[in-house]
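Protein chains in written order, with our numbering: chain X, 504 to 769; chain P, 1199 to 1492.
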């Protein structure tokens, strides 16, 4: 691969981790989807034995839905596992962009060439977004193709909408990580903050589903606006998607402005 | 771009919180000259260079390069600068050739004959992965990167660290020929013999403040020289004590030792009145001069 610019070099550097992440997540998604056939008859009985409160802790609001294809995928993939995987992937991809260049001091090489900080910032961010798009596409296909094979009768739009919901959260957290590394130059901090925010957000949502007294706090939780059953049923929630993208844009802009103004940590 | 002062630093200060980086620094580097920037660790050399490269921003004062502001016009300036940091870090997973081509591509130049020529002169293996190279060979790759695009201004922070003497000589020759072609060179070094060999002027910095900027020859001429004269017969030390510039006279039998600064005409005339069997003059090297400032 010809290393014509930062964008191509960054893509080349990230091919290997992306390959392993893609492989892992596609195996998980397709396995869970295929497992539905084997579990179909016993899922109903299983659901009855499952305490509703415990189900809520794992992000399943209505345990009786688990017998349906979308309910199964929500319970086994979208409620917890995919958000965890995609957020971790996004946060690492974000932190490893500018943060890694600065921590390794290779940023000194790049910025001693005629390359503006803004250009570096957006070339790195473009690769981050490309990674997120590839990962979401792999999730979609790893569910959609087995779904066709075993006749789960889920439409591509439903799967896309559910995957988009989880991707938007991961993009927001990954952008947070990306911008924190650009603002502070501290890779470790850019890993910790988004992970803690995601965790608190998830716990707040769980607490709210168990007790009404957390309603006010939970309005700030990302997971409050994360509704997979609805995504399978009605498709993309455009107002929520627009808010997520707007917040992502604001965080990205703050990152870019600050990166342009601060001293490098060399 | 035509400007007789490639670097003009005026009242430049940099503070890191409460700690001092550089304080009220004023310095000009002229076109085509090689300026050695000397100082002990933590004196402020690297801080100055990083401000020039716009990696960090000045707290006060301005730094102009080719008449442009080092911060506001940084992108235009960097088209004409070759920079080498102290202990440069390279992309270890690339070969030297891939790394250099990548850097040249960012400049919009691609693989050029100039970096291949430099690699040959510095005896640098370009097709080995950088992580397999020794420290010295990595330094060669970093030097080639800084010089391959034939910059008008070269800023280097301890460039010869890790180079063997043969390559150091070749490096000095490259730097001299670049300066002869009109490039301006600012570099810091702890190898004072190297600075003495190739620099036109040196700037000495200590505790963030510029101590002096002088021609290497002027600086040396102002320094104390040590004379040891052996006469055929014993001499009277008092006959030399009144000569201007003379310090610390020691007499041991027929051997007279003294330090002198400034012109030596009077002392030569005084010595010539006696029969001399031997004379030794110790010229201070740059290291002694450098140390005399601290």
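Think of the CB as a built atom: it goes at the ideal place given N, C-alpha and C, for glycine as much as any other residue.
- In this structure, P:1228 is the residue among P:1228, P:1432, P:1264, P:1323 with its C-alpha nearest to the C-alpha of residue 1400 (chain P).
- Between the beta-carbon of residue 1427 (chain P) and that of residue 1477 (chain P) there is about 5 Å, and that keeps the pair under the 8 Å contact cut.
- In the structure shown, residue 1253 (chain P) falls within a coil segment according to DSSP collapsed to helix, strand and coil.
- For the segment 1375 to 1401 of chain P, the beta-carbon criterion of a distance under 7 Å to any beta-carbon of chain X is satisfied by none of its residues.
- Counting of Cβ neighbours within 10 angstroms places residue 661 (chain X) among the buried residues, the total reaching 16 or more.
- DSSP places residue 1404 (chain P) in the strand class (E or B) of the three-state scheme.
- For residue 1457 (chain P), the enclosing beta strand (DSSP E) covers residues 1453 to 1458.
- Around residue 614 (chain X), the beta-carbon contacts reaching into chain P at under 7 Å are 1253.
- Residue 1266 (chain P) carries a strand assignment under DSSP once its states are collapsed to helix, strand and coil.
- Looking only at P:1443, P:1463, P:1430, the smallest Cα-Cα distance to residue 1454 (chain P) is reached by P:1430.
- Straight-line measurement puts the Cα of residue 1297 (chain P) at about 10 Å from the Cα of residue 1325 (chain P).
- Chain-ordered, the chain X residues with CB closer than 7 Å to the CB of residue 1273 (chain P) read 617, 619.
- Residue 1411 (chain P) is not a Cβ neighbour of residue 1383 (chain P), given a cutoff of 8 Å.
- Against residue 1287 (chain P), the close residues of chain X are 607, 608, 609, 611, 612, in the order they occur along the chain (beta-carbon pairs closer than 8 Å).
- Collapsing the DSSP output to three states places residue 1354 (chain P) in a strand.
- DSSP places residue 666 (chain X) in the helix class (H, G or I) of the three-state scheme.
- Neighbours of residue 512 (chain X) in chain P, taken as residues whose beta carbon is under 7 Å from its own, are 1300 in chain order.
- Classified as exposed, residue 523 (chain X) has fewer than 16 neighbouring CB atoms from the shown chains inside 10 Å of its CB.
- For the C-beta of residue 1218 (chain P), not a single chain X residue is nearer than 9 Å; the gap to the nearest is close to 15 Å.
- Its chain contains 1347 as the residues whose beta carbon lies nearer than 7 Å to that of residue 1307 (chain P), once the 5 sequence neighbours on both sides are disregarded; these appear in chain order.
- Taking the Cα positions, residue 632 (chain X) is about 15 Å away from residue 520 (chain X).
- The segment 613 to 624 of chain X and the segment 730 to 749 of chain X do not touch, with fewer than 3 CB-CB distances between them shorter than 8 Å.
- About 4 Å separates the beta carbon of residue 1460 (chain P) from that of residue 1443 (chain P), a gap short enough to meet the 8 Å contact definition.
- For residue 668 (chain X), same chain residues with a beta-carbon under 6 Å away, outside a window of 5 residues either side, are 729, 734 in chain order.
- Between residue 670 (chain X) and residue 635 (chain X), the C-beta gap is smaller than 8 Å, which places the two residues in contact.
- Taking a Cβ-Cβ cut-off of 7 Å, residue 692 (chain X) has no neighbours in chain P, whose nearest Cβ is about 18 Å from it.
- The beta carbon of residue 1251 (chain P) lies closer than 6 Å to those of 1281 in the same chain, with the five residues before and after it left out.
- Close partners of residue 711 (chain X) in chain P (Cβ separation under 8 Å) are lacking, with about 42 Å as the shortest Cβ gap.
- Against chain P, the beta carbon of residue 767 (chain X) has neighbours under 7 Å at 1253, 1254, listed in chain order.
- With respect to chain P, the C-beta atom of residue 506 (chain X) has a partner C-beta closer than 8 Å.
- Residue 1233 (chain P) and residue 637 (chain X) have their C-alpha atoms some 52 Å from each other.
- Put simply, the backbone Cα of residue 591 (chain X) is about 24 Å away from that of residue 761 (chain X).
- Distance from the CA of residue 643 (chain X) to the CA of residue 538 (chain X), rounded to the nearest whole angstrom, comes to 17 Å.
- Using a Cβ distance threshold of 8 Å, residue 1395 (chain P) and residue 1365 (chain P) do not count as a contacting pair.
- Neighbourhood of residue 1296 (chain P) in chain X, by CB distance below 7 Å: 506, in chain order.
- Listed in chain order, the alpha helix (DSSP H) elements of length 4 or more contained wholly in the segment 694 to 737 of chain X are 718 to 721, 731 to 737.
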